[in-house]
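Asker: After the structure tokens below, expect a handful of questions from me.
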Amino acid sequence: MLCLLTFIHINQGNVEIPLGVVVESIFNPQDTLQHHTVRTLRMPRAVMGIIAGGALAVSGVILQTVTKNPLSSASTLGIHSGTYFAVVVTTIFLPTAMVGNGILTAFLGGILTFLFVYVLSGGSDTTPVRMVLAGMIVTFLFSALTSVLQIFYENETQGLFLWGSGTLIQNDWDGVTFSLPVIIVGVVVTLIYSSKLDTLTLGDDVATALGQNVRSVKVVTIIAAVLLTSVTVSIVGPIGFVGLVAPHLIKLIGYRAHLPLIFGSFLWGGNVLLLADVLARVIDPSFNELPVGAITALVGSPWLIWLVMRMKRTGSQDSGAIMAGKNSATLSMKKLLPVLFALITVTLLVSLASGNYGFEPLVTYNAFFGEANTFLQNLIIDLRLPRALVALFSGAILAVSGLIFQGVLRNPLADPSVIGITSGAGVGALMTMYWFSVSAVWIPVGAMVGALVFFIVVMALGAKAEFQPTVLALLGIGMSAFGSALIQIMVVQADIGVASALTWLSGTTYAKGWSELLQYLIWPVLLFIPLLAFYIKTLDVLSLGDDTAKGLGLRVVNVRFQMALIATLLAACSVAAVGSIGFVGLIAPHLARLLVGSVNQKLLPVTMLIGGALLVVADLFSRTLLAPNEIPSGILVALIGAPYFLWLMKKRAA
67 MLCLLTFIHI NQGNVEIPLG VVVESIFNPQ DTLQHHTVRT LRMPRAVMGI IAGGALAVSG
127 VILQTVTKNP LSSASTLGIH SGTYFAVVVT TIFLPTAMVG NGILTAFLGG ILTFLFVYVL
187 SGGSDTTPVR MVLAGMIVTF LFSALTSVLQ IFYENETQGL FLWGSGTLIQ NDWDGVTFSL
247 PVIIVGVVVT LIYSSKLDTL TLGDDVATAL GQNVRSVKVV TIIAAVLLTS VTVSIVGPIG
307 FVGLVAPHLI KLIGYRAHLP LIFGSFLWGG NVLLLADVLA RVIDPSFNEL PVGAITALVG
367 SPWLIWLVMR MKRTGSQDSG AIMAGKNSAT LSMKKLLPVL FALITVTLLV SLASGNYGFE
427 PLVTYNAFFG EANTFLQNLI IDLRLPRALV ALFSGAILAV SGLIFQGVLR NPLADPSVIG
487 ITSGAGVGAL MTMYWFSVSA VWIPVGAMVG ALVFFIVVMA LGAKAEFQPT VLALLGIGMS
547 AFGSALIQIM VVQADIGVAS ALTWLSGTTY AKGWSELLQY LIWPVLLFIP LLAFYIKTLD
607 VLSLGDDTAK GLGLRVVNVR FQMALIATLL AACSVAAVGS IGFVGLIAPH LARLLVGSVN
667 QKLLPVTMLI GGALLVVADL FSRTLLAPNE IPSGILVALI GAPYFLWLMK KRAA
């Protein structure tokens with residue numbers, strides 16, 4: 067199969083080269099253009115695909131054995147994102163350290179990321195699902211930081227966007243000649259330790275009793291795994307899921323001993339990556355170079371979901387009510403609501419008065435009362451005011467969406483972004499904009515359709531997994547990875563500028579005005595919020611557990627679906643307006659519970675106000691923190707939300 071895929075891969079290109087010529091150029095090369103094309107352009111790319119896929123697969127074998135976690139790979143544990151972030155930082159701030167394609171930087175970033183994820187997930191007491199969940203959230207965190215750097219240092223990081231999505235493009239043999247010796251060393255080390263890895267599968271205590279130095283075996287093999295990942299990332303970028311898929315294919319065939327497992331995984335890793343590159347060029351025959359990492363994610367994310375479903379009984383068996391943020395001493399709503407309204411009003415006024423020239427309250431006052439010049443009036447009333455209101459309404463409906471999901475699923479980790487809804491809405495919105503080329507009026511419809519499709523899939527899988535919180539979050543992250551891969555493909559095909567693409571994907575309130583407010587945000591608030599205020603009591607009944615709720619006469623399945631559907635539509639409207647802003651729906655409900663307890667009738671207005679205030683503050687800082695440059699609001703929220711999610715997960719595990 068590897069030979070077949072290699073020949074197919076080499077034969078792909080802008081110019082058709084007969085199979086006979088390909089064979090002749092390999093075994094009997096001559097000084098012709100076709101032979102040079104095959105030997106200096108196409109063969110290096112194919113060979114790079116084989117050794118990169120093999121290295122990632124062997125790395126996955128090691129990580130799965132050492133962590134005792136069948137979900138482990140360089141992508142699911144966040145190692146890819148750590149290496150990528152380290153390379154981008156070094157490229158910008160210390161380019162002289164980019165010796166040897168930045169392999170040392172990538173290696174250090176990968177090792178530190180692995181240790182970070184391992185400690186955060188609970189160390190030796192972790193569970194497989196919790197470890198991968200921590201890895202995925204660390205990936206979100208590093209992705210947000212990397213996006214900030216790429217947006218502000220677009221010239222320094224030029225060319226890193228495609229590489230950052232994973233690409234096998236090779237213009238000569240340099241990449242192969244650099245990486246091959248390192249990959250050989252890494253694979254040889256793992257082969258030498260294969261029998262010791264077999265012993266590790268029996269458990270640390272048994273391995274120690276059999277004379278193994280467990281700690282040294284783990285340290286050496288993890289270093290080898292991260293080295294294999296680092297050299298691959300330094301040449302072809304972070305290509306995900308190969309290290310997850312290939313080892314499991316070999317295990318499904320029946321191999322368990324590490325010697326054949328490593329050899330077989332290397333072969334299958336090459337097959338998976340070559341097949342992904344072949345498919346990338348079949349999907350886009352114009353050869354615009356779709357990122358091969360997006361294709362592996364399209365294949366790998368369903369694989370991750372399948373593995374999670376197989377492991378659901380080993381995951382967290384959470385069954386209880388909503389947890390985080392409960393507080394016995396609740397504040398009076400009569401006092402709290404005016405305080406929140408005042409806070410939002412002050413924040414809006416500060417936002418209107420802040421800009422590239424600093425804080426100017428007097429200018430803002432004059433603009434509203436007709437004493438300022440036309441330019442300043444237009445700036446404040448037609449640009450800053452609608453933008454701040456878009457942030458306020460988007461934050462409010464995202465927060466309500468998160469509150470509903472947390473209540474319906476009895477899951478503190480639920481949020482439209484975490485369970486894949488915003489990713490689906492992003493896919494739908496982009497398809498509407500760039501594939502169907504319809505008017506902007508249809509964008510929210512596309513976002514809703516995309517969100518609904520992802521919602522139905524996640525809910526169906528969640529029902530099979532008995533809505534276990536950590537398992538459901540991981541399923542949602544798998545769906546998000548699938549959606550992100552589709553979005554990457556559409557971004558490349560639509561030829562959107564890198565900075566604008568990253569900005570949209572991260573979620574931004576930049577250049578949003580009255581049209582976004584009226585088309586996407588006002589009517590959901592007027593339509594759905596009164597409806598929710600009427601039905602919100604059902605969430606309190608659901609929090610008692612399904613059996614109790616049924617005993618009280620509640621049609622649990624219908625209510626759960628209807629409420630989650632409303633939450634999905636709210637999230638879709640927000641995505642249509644401001645892109646994929648995550649974590650607002652996670653943070654706001656928890657802050658609200660700290661203030662007013664767990665009664666949903668109180669939580670609804672408080673969560674709305676906190677969510678709105680949170681995004682208004684993020685919008686304010688996005689404009690002023692590095693003025694005149696702007697940070698996408700979604701990235702600022704992610705930088706707050708990802709650490710909070712990790713803290714919440716660690717607290718819940720404890």
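Every letter in the sequence shown is one number past the one before it in our numbering, and letter 406, counting from 1, is 472.
Beta carbons: idealized from backbone N, C-alpha and C, even for Gly.
1) From the DSSP output, in three-state form, read off serine 646 for me.
2) Looking only at C-alpha atoms, which of Phe329, Trp239, Ser420 and Thr233 sits nearest to valine 302?
3) To the nearest angstrom, report how far apart valine 474 and valine 622 are at their CA atoms.
4) Cα-Cα, which of Gly86, Met399, Gly168 and Asn695 is closest to threonine 295?
5) I'd like the span of the alpha helix (DSSP H) that includes aspartate 271, first residue to last.
6) If I measure Cβ to Cβ from alanine 764 and keep anything under 7 Å in the same chain, skipping five residues before and after, which residues do I get?
7) For serine 420, does the three-state DSSP call read helix, strand or coil?
8) Would the region 478-496 and the region 638-648 be scored as touching if the rule is three or more Cβ pairs under 8 Å?
9) Alpha carbon to alpha carbon, what distance is there between valine 242 and threonine 156?
10) Under 8 Å by Cβ, that's how I've got isoleucine 74 and valine 88 pegged, so tell me the actual separation to the nearest angstrom.
11) Quick check on this structure: which residue in Val81, Asn94 and Arg108 has the alpha carbon closest to the alpha carbon of leucine 71?
12) What residue ranges within the region 260-345 form continuous alpha helix (DSSP H) runs of no fewer than 4 residues, ordered along the chain?
13) Checking 8 Å against the spacing of the C-beta atoms, do methionine 514 and leucine 418 come in under that value?
14) I need the DSSP call for phenylalanine 502, collapsed to helix, strand or coil.
15) Exposed or buried, lysine 262, counting other C-beta atoms within 10 Å across all chains shown (16 or more means buried)?
16) Does the Cβ-Cβ distance between leucine 540 and valine 198 come in under 8 Å?
17) In the DSSP assignment, what residue or residues form a beta bridge with phenylalanine 425?
18) Am I right that leucine 143 and leucine 122 are in contact with their C-beta atoms under 8 Å? What's the rounded C-beta distance?
19) Between Val662, Val682, Pro357 and Glu532, which lies nearest to leucine 702 when the distance is taken from Cα to Cα?
20) Take glycine 542 and list the residues in its own chain whose beta-carbon comes closer than 7 Å to its own, dropping the five residues that flank it on each side.
21) Between which two residues does the alpha helix (DSSP H) holding lysine 616 run?
22) Exposed or buried, what is lysine 530 when buried is set at 16 or more other beta-carbons lying within 10 Å of its beta-carbon?
23) Hey, which unbroken runs of the alpha helix (DSSP H) at 4 residues or more fall wholly within the region 632-713?
24) Taking the alpha-carbon positions, what's the glycine 181 to leucine 583 distance?
25) Are the region 245-258 and the region 199-211 in contact at 8 Å, needing three or more beta carbon pairs?
26) Using DSSP with H/G/I as helix, E/B as strand and the rest coil, what is glutamate 582?
27) Exposed or buried, what is serine 385 when buried is set at 16 or more other beta-carbons lying within 10 Å of its beta-carbon?
28) What three-state label does DSSP hand threonine 574 in the structure shown?
29) CB-CB under 6 Å to alanine 615, same chain, minus the five flanking residues each way: which ones, in chain order?
30) With 16 as the cutoff for other CB atoms within 10 Å, does glutamate 437 come out buried or exposed?
31) Along the alpha helix (DSSP H) that carries proline 110, what are the first and last residues, could you check?
32) Short of 7 Å in beta carbon distance, which residues of its chain neighbour tryptophan 334, apart from the five on each side in sequence? Order them along the chain.
33) For the alpha helix (DSSP H) containing valine 248, list its first residue and its last residue.
34) What's the call for phenylalanine 502, buried or exposed, on a 16-neighbour Cβ count within 10 Å?
35) Indicate the three-state DSSP secondary structure (helix, strand or coil) for valine 81 in the structure shown.
36) Since glycine 230 and proline 304 are thought to touch, with beta carbons under 8 Å apart, how far apart are those beta carbons, to the nearest angstrom?
Answerer: According to the data block:
1) As a working note, residue 646 is residue 580 in the sequence shown. Correct three-state label for serine 646: coil.
2) Residue numbering aside, residue 302 sits at position 236 when the sequence shown is read from its first letter. Of Phe329, Trp239, Ser420 and Thr233, the residue nearest in Cα terms is Thr233.
3) For the purposes of this step, residue 474 is taken as residue 408 along the sequence shown, with counting starting at 1. For the purposes of this step, residue 622 is taken as residue 556 along the sequence shown, with counting starting at 1. Each residue's alpha carbon lies about 9 Å from the other.
4) As a working mapping, residue 295 is identified with position 229 in the sequence shown. With distances taken between Cα atoms, threonine 295 lies closest to Gly168.
5) Within the sequence shown, the letter at position 205 stands for residue 271. Per DSSP, the continuous alpha helix (DSSP H) segment holding aspartate 271 begins and ends at 270-275.
6) This structure cannot speak to residue 764, because the chain is shown only from 67 to 720.
7) Within the sequence shown, residue 420 is the residue found at index 354, counting from 1. The three-state reading of DSSP puts serine 420 in strand, counting E and B together.
8) The region 478-496, when compared against the region 638-648, does touch it at the 8 Å Cβ threshold.
9) What you label residue 156 is simply residue 90 of the sequence shown in a count that begins at 1. What you label residue 242 is simply residue 176 of the sequence shown in a count that begins at 1. Roughly 23 Å separates the two Cα atoms.
10) Position 8 of the sequence shown, counted from the start, is the residue given in the question as residue 74. Position 22 of the sequence shown, counted from the start, is the residue given in the question as residue 88. The pair is not a contact, with the Cβ atoms about 10 Å apart (cut-off 8 Å).
11) Locating residue 71 in the sequence shown gives position 5, counting from the first residue. The shortest Cα separation from leucine 71 among Val81, Asn94 and Arg108 belongs to Arg108.
12) Segments of the alpha helix (DSSP H) lying fully in the region 260-345: 260-266, 270-275, 280-302 and 308-319.
13) Sequence index remark: in the sequence shown, residue 514 carries index 448 (1-based). Sequence index remark: in the sequence shown, residue 418 carries index 352 (1-based). No, these two residues do not count as a Cβ contact at 8 Å.
14) Numbered from 1 along the sequence shown, position 436 holds the residue referred to as residue 502. It is coil, neither helix nor strand.
15) Taking the sequence shown and counting its residues from 1, one reaches residue 262 at position 196. Result: buried.
16) Here residue 540 refers to the residue found at position 474 when the sequence shown is read from its first residue. Here residue 198 refers to the residue found at position 132 when the sequence shown is read from its first residue. It is a contact, given that the beta carbons lie within the stated cut-off.
17) Indexing the sequence shown from 1 puts residue 425 at position 359. The secondary-structure analysis by DSSP pairs phenylalanine 425 across a beta bridge with Ser420.
18) Translated into the one-based positions of the sequence shown, residue 143 becomes position 77. Translated into the one-based positions of the sequence shown, residue 122 becomes position 56. Contact annotation, leucine 143 with leucine 122: C-beta distance approximately 13 Å; criterion of less than 8 Å not satisfied.
19) Along the sequence shown, read from residue 1 onward, the residue named residue 702 stands at position 636. Nearest neighbour of leucine 702 by Cα position, chosen from Val662, Val682, Pro357 and Glu532, turns out to be Val682.
20) Locating residue 542 in the sequence shown gives position 476, where the first residue counts as 1. Result list for glycine 542: Val484, Ile485, Gly486 and Val524, in chain order.
21) The residue given as residue 616 occupies position 550 in the sequence shown. Run containing lysine 616: 612-617, per the alpha helix (DSSP H) assignment.
22) Reading the sequence shown from its first residue, position 464 is the one you call residue 530. Exposed, because fewer than 16 other Cβ atoms sit within 10 Å of the Cβ of lysine 530.
23) Entirely contained in the region 632-713, the alpha helix (DSSP H) runs reaching 4 residues are, in chain order, 650-662 and 666-690.
24) Sequence index remark: in the sequence shown, residue 181 carries index 115 (1-based). Sequence index remark: in the sequence shown, residue 583 carries index 517 (1-based). A quick correction: the sequence has leucine, not glycine, at residue 181. One C-alpha to the other measures close to 44 Å.
25) Touching, no, given that fewer than three Cβ pairs across the two stretches are closer than 8 Å.
26) Taking the first residue of the sequence shown as position 1, residue 582 is located at position 516. DSSP places glutamate 582 in helix when its eight states are reduced to three.
27) Position 319 of the sequence shown holds residue 385. Confidence at serine 385 is low in this model, with a pLDDT of 40, below 50, so the placement of that residue is unreliable and no value is reported for it.
28) In the sequence shown, residue 574 corresponds to position 508, counting from 1. Coil at threonine 574, not helix or strand.
29) The sequence position of residue 615 within the sequence shown is 549, counting from 1. Take alanine 615, set aside five residues on each side of it, and the residues of its chain with a beta-carbon closer than 6 Å to its own are Val607, Leu608 and Val622, in chain order.
30) Within the sequence shown, numbered from 1, the residue matching residue 437 stands at position 371. Using a 10 angstroms sphere on the CB of glutamate 437, the tally of other CB atoms stays under 16, which defines it as exposed.
31) Indexing the sequence shown from 1 puts residue 110 at position 44. First-last of the alpha helix (DSSP H) with proline 110: 109-132.
32) Within the sequence shown, residue 334 is the residue found at index 268, counting from 1. Non-local beta-carbon contacts of tryptophan 334 in its own chain, meaning distances under 7 Å to residues more than five positions away in sequence, involve Ala123, Ala312, Leu315 and Ile316 in chain order.
33) Position 182 of the sequence shown, counted from the first residue, corresponds to residue 248. Counted as a single uninterrupted DSSP element, the alpha helix (DSSP H) harbouring valine 248 occupies residues 240-258.
34) Here residue 502 corresponds to residue number 436 of the sequence shown, with the count starting at 1. By the Cβ neighbour-count rule, phenylalanine 502 is exposed, with fewer than 16 other Cβ atoms within 10 Å of its own.
35) What you label residue 81 is simply residue 15 of the sequence shown in a count that begins at 1. Residue state, collapsed to three classes: coil.
36) As a first step, residue 230 must be located in the sequence shown, where it is residue number 164. As a first step, residue 304 must be located in the sequence shown, where it is residue number 238. Rounded to the nearest angstrom, the Cβ distance from glycine 230 to proline 304 is 7 Å, consistent with a contact under 8 Å.
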